[in-house]
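In terms of full-length UniProt numbering, the sequence shown has 91 at position 91, counting the first letter as 1, and numbering is strictly consecutive. We put the CB at the ideal spot given by N, CA and C, even for glycine. Just below is one structure, and these are the notes that go with it.
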Amino acid sequence: MVSLNKSFLYGIGFASITWTISLYLYWQLNKTNNVSLSSTHNPVNNLPQFYKQKLPEENFREQEKSNIFKDTVLKKPKFENYINSNKLMKELEPKKILKSKDEEVLDELGMVRTIEDKELRDEGYKLYSFNVLVSNKLSFHRQIPDTRNKLCKDVIYSTSLPTASIIICFYNEHFATLLRTIYSIMDRTPENLLKEIILIDDFSDVPNLHSNLSNFFNQNLDLKEKVRLFKTDAREGLIRARMFGANKATGKVLIFLDSHIEVNIDWVQPLLNRVHENRSNIAIPVIDIVNADTFSYSASPLVRGGFNWGLHFKWENLPVGTLAKTEDFIKPIKSPTMAGGLFAIDREYFMHLGEYDAGMDIWGGENLEISFRTWMCGGRLDILPCSRVGHVFRKRRPYGSPDGKDTMTRNSLRVASVWMDGYKEYFLKQRPDAVNVKYGDVTDRMHLRQRLKCNDFNWYLKHVYPELTLPSDTDVRLRNKWSALEQDKFQPWHSRKRNYIDNYQLRLTNTTLCVQSSKDVKSKGSSLILKPCVKGKHQVWYQTDRNELVLQQLLCLQSGQSFPYLYKCHEMGGNQEWKHTGEFNTPIYNMAAGTCIGVDEMDECISSSPKNESFCKVCGDKASGKHYGVASCDGCRGFFKRSIRRNLEYVCKENGHCIVDVTRRNQCQACRFKKCLQVNMKRDAVQHERAPRASQTSLHHHYPLNLGPRLRNCHGSSFFSGIPLHIQTPSLMDHNLSVIPGISTNYLQHSVLFPGMFGNYTKNSIFANTLGSSSLHYGHKQEHLLLNDNIHMKHLRNTVKEDEVTSSEEASVKNDVEERHFSTTTRNRLELPILAESCRTGSRTVEGSCLSLFPAENVYESAAKLLFLAVKWARTIPSFLQLSYRDQSILLEESWSELFVLTAAQWTLPIDEALLVNNAMAPSSRHISLEEDARRLHEIIARLNVLRVDHTEHACLKALVLFKSESRGLCEPNHVELLQDQTHVMLHEYCSQKQSSYKGRFGKLLLALPAVQAITRRGLEELLFRQTVGDVGIDRLLGEMSKATHT
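Encoded structure:
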């Protein structure tokens, strides 16, 4: 009996232990199966909850959709090719990145608080094409997230790795961004592996950049020992500058990096180890993304380099089966080509392989050339997943070639001629514009190919890049090649699955007006307006887990440089990421723009609030009326009047940063007076003071709603319907937008950030010069009068906010003020509908402050008017009118595109490249060439703006492109040639008479013309005119325009 009891107790104990172990294992397994996969995401944002998609029970689950990791080591479209279990997925799960201390305030670093912030930001985008306002505030030693796979931490590298010489070439790079690049290398590279950092200044012309860098390095001993700074004797371009730096290097391995990067943890060891294994290996890091607007650091997917037959580099998915095994996630990945900005190569092998092609100019094509040469001549390219380098991806190159030539096309021709054999024909068919381009002598490169005993291009396509589709491929072969690469499940942009976490309306505070699209909700590029709030889908905004605001679950709200508008959701944050706390009276803030959503103040409208009150734009007190063009209180009115009449000058003890409000307006007179000027109080109005005019109660239907900086709470005030969105200048917080979820009450705010779209509208300088027996006269009329047919000033005043002259005390001198303004303003810009008057009056003359983007439909309208102006300008030249009608027509047909481009540059037409290309009525096959034309147009307008071309120079340049004696069919070609020669002489004499600081200006102006002529007529028609004139060619409209401009 005792024995039986013992056995029973032992049995119970054994069963208990067994169940305990079983339950524990079951709990662990269940924990593994319910892991919420998270992606390495932008560290400055709240970590998103990704959409979880239920899949069949396969070998492992697909990773949730993420715009950052489309092709991470975890995601595979065909599960049967993989052996990974749920447990393995847990081990390989990317680490959730938390904000570092440096990143905690990144959201606010780009916030535009003052006019100086706005000027710094805009100048930075103009010169560097990224947000300098943010970059200046970031630490040189800021922490960035470790975006590597967890397995990388366990990799052991050789103890005898070679030393590295890091070569960084730069041209007009931003000072702080370049130093952050250098410090990230110093901070995250083992000292024993870093031989030197070689900086090559490619003849930068930013004042004092080179000397400031030299002084900085000399004052910091930690940098002085490792950094070597050189400067070329002339502008060489990236290609020859890198060759220059390679010849200065002494390390075993050369690592080429861009000048706006940040290296990640243990970035250099994988690269050096790969080169150390075989000197013919070229090692390439994974290039992470540093957002150009916010400088947030985020991970990139695992992809490889490819190209198309236009010889443009592209990223593409990995071949199926590349990541079939566990260790494949950290193994080198074979890549047919490389982006070219970041890679490591053995120094001796680099020399043996022929360095770069020294016959290439500036930039473009060199990455494909060295990729082809490496593979075809015995080397290989590998991407190292455990090496991560963040790169600032700019939307455009802020510089071009010195002579305005298309170096990309020229360099690509050299690549095709040397390395592609008979496949060069595919390139020429894709790029017919390159057929007649001269690309120089390639004899030495052909000899190099023979000396290295390289394979032919057919071998490259067969063994290295068999997935590349050929124009001659059959449908079956195309399908086979496409299926060889990983394919993401296609989801149309308008029906893509997103994780919506909330929905609401956006309501203007103290009104019953809500934000909706000005067009159909499916219209890309549509601006936004205010309309009475209704519970309709067209006013419902859906918030996603990526902080996007999606109207009717179709298009995202995107912040432009000036106007917010609707656009395709790109799921990359930045200008489509909107922050708000979800509580009442909090701003909706866009970090890329540094501003919040809001509207202009409207003093003259019917209020929907119980009291029709307005507030002083200077201090925020209750306004007594409009004084000197601005709603203000009696105290600020009197202060401004005294200051102007007594010609008083004030000095601020706090460097101009004092707060001016109703309680502190008397503490600093300097800041109070400065704010009076910022809100556009008129000096001239004080001198001609009369009794104030009573306010009106008329409704306006096209008043701008905008983005603005988060400064302080907005004053409650009324508004009206039909208001386009745009950005204003910082000084006021005028109107708030409320969020009505479902309908709830969250809040947006805004203040003034941009003065307007185009700047000061002025007349051209009138000049006339007689040379020889045939006189060439420009303009017996003032050029601004040429606008009277279509853009009369009275009409313009009715289409914009009336804040230039609104009271009777200013009415008597209105015309006099305008005339004096037109004759003294130094900038020449065109005023078009929906402009802020502050920009036209020149109340704050900040270069470029009036240059901003606006909705596409306004660009098309403006382009049509600018073309009309260009034709009418030509018909004001007596020498042109003396030609036969046939010759006039031929010259206009031959030069209308150049005349338009120069006129657009003269009036600083804003160009949004992506918006114009996507709205172009052209087949997708034309988008590459359209992108090139849009880029060229943007660059030439910026280039002439930087040159500060005055009215006389603009007129001469237009005359040079107008009088083309080589035009076919001219009756008097010799006479036209004489006119062109006289214009050359006139421009040269005019430039010679300028100050010594303009030395060489004549040559610079002439060198700008090839870039003007490089923009194709067809591209301009499709980008800017097809929307307004349809399929009617511009050539057919020139005659009608000429008749319409006949005087």
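State the start and end residues of the unbroken alpha helix (DSSP H) segment that holds residue i.
i, result
"PRO270", "268-277"
"ARG642", "634-645"
"ARG397", "Looking at the DSSP string, ARG397 is not in any alpha helix (DSSP H), and its letter there is neither H nor E."
"ARG242", "237-246"
"HIS210", "209-219"
"PHE427", "424-430"
"PHE140", "Taken as a continuous stretch (DSSP letters only), PHE140 belongs to no alpha helix (DSSP H), as it is neither H nor E."
"GLN516", "Element bounds for GLN516: not the alpha helix (DSSP H) but the beta strand (DSSP E), 513-517."
For residue i, count neighbouring C-beta atoms within 10 Å of its own C-beta (all shown protein chains included) and say buried if the count is 16 or more, exposed if not.
i, result
"TYR349", "buried"
"MET446", "exposed"
"TRP19", "exposed"
"ALA905", "buried"
"ILE21", "exposed"
"ASP520", "exposed"
"PHE880", "buried"
"SER16", "exposed"
"HIS657", "exposed"
"VAL155", "exposed"
"SER211", "exposed"
"ARG410", "buried"
"GLU898", "buried"
"THR181", "buried"
"LYS153", "exposed"
"TRP459", "exposed"
Report the residue from the options whose alpha carbon sits nearest the alpha carbon of residue i.
i, options, result
"GLY124", "VAL976, GLU173, PHE427, ILE167", "GLU173"
"VAL437", "GLU277, LYS462, THR407", "THR407"
"ALA592", "ALA942, ASN273, HIS938, GLN558", "GLN558"
"ILE166", "ASP346, TYR439, GLU116", "ASP346"
"TRP309", "VAL263, ARG279, VAL415, ASN503", "VAL415"
"LYS958", "LEU978, THR983, ASN858", "THR983"
"PHE868", "GLN882, THR322, LEU892, ARG886", "LEU892"
Residue i CB to nearest chain D CB: under 8 Å?
i, result
"TYR426", "Absent from the structure: chain D. Only one protein chain is present."
Tell me the rounded alpha-carbon separation between residue i and residue j.
i, j, result
"GLN269", "LYS865", "59 Å"
"ALA1011", "TYR500", "46 Å"
"LEU1005", "HIS951", "13 Å"
"PRO709", "GLU966", "Interpretation of PRO709 is limited by its pLDDT of 37, a score under 50 that renders its predicted location unreliable; the figure taken from the coordinates is listed afterwards. Approximately 53 Å, taken between the alpha carbons."
"residue 1049", "ARG188", "This structure cannot speak to residue 1049, because the chain is shown only from 1 to 1047."
"ASN647", "ILE940", "43 Å"
"THR903", "LYS453", "54 Å"
"GLU577", "GLU571", "9 Å"
"SER472", "ARG380", "27 Å"
"GLN143", "GLU861", "47 Å"
"SER296", "ARG449", "43 Å"
"GLU894", "LEU962", "8 Å"
"ILE370", "VAL949", "40 Å"
"ASN136", "VAL435", "45 Å"
"VAL946", "ALA1014", "19 Å"
Can you check whether the CB of residue j is closer than 8 Å to the CB of residue i?
i, j, result
"PRO385", "PHE343", "no"
"ASP233", "MET186", "no"
"ILE287", "VAL392", "no"
"ALA339", "GLY364", "no"
"THR163", "LEU199", "no"
"ARG235", "PHE256", "no"
"GLY594", "VAL290", "no"
"LEU506", "TRP482", "no"
"CYS596", "VAL662", "no"
"SER158", "HIS276", "yes"
"LEU1009", "ALA934", "no"
"LEU318", "GLU486", "yes"
If I follow the unbroken beta strand (DSSP E) through residue i, where does it start and stop?
i, result
"LEU530", "528-532"
"VAL263", "261-263"
"GLY305", "304-307"
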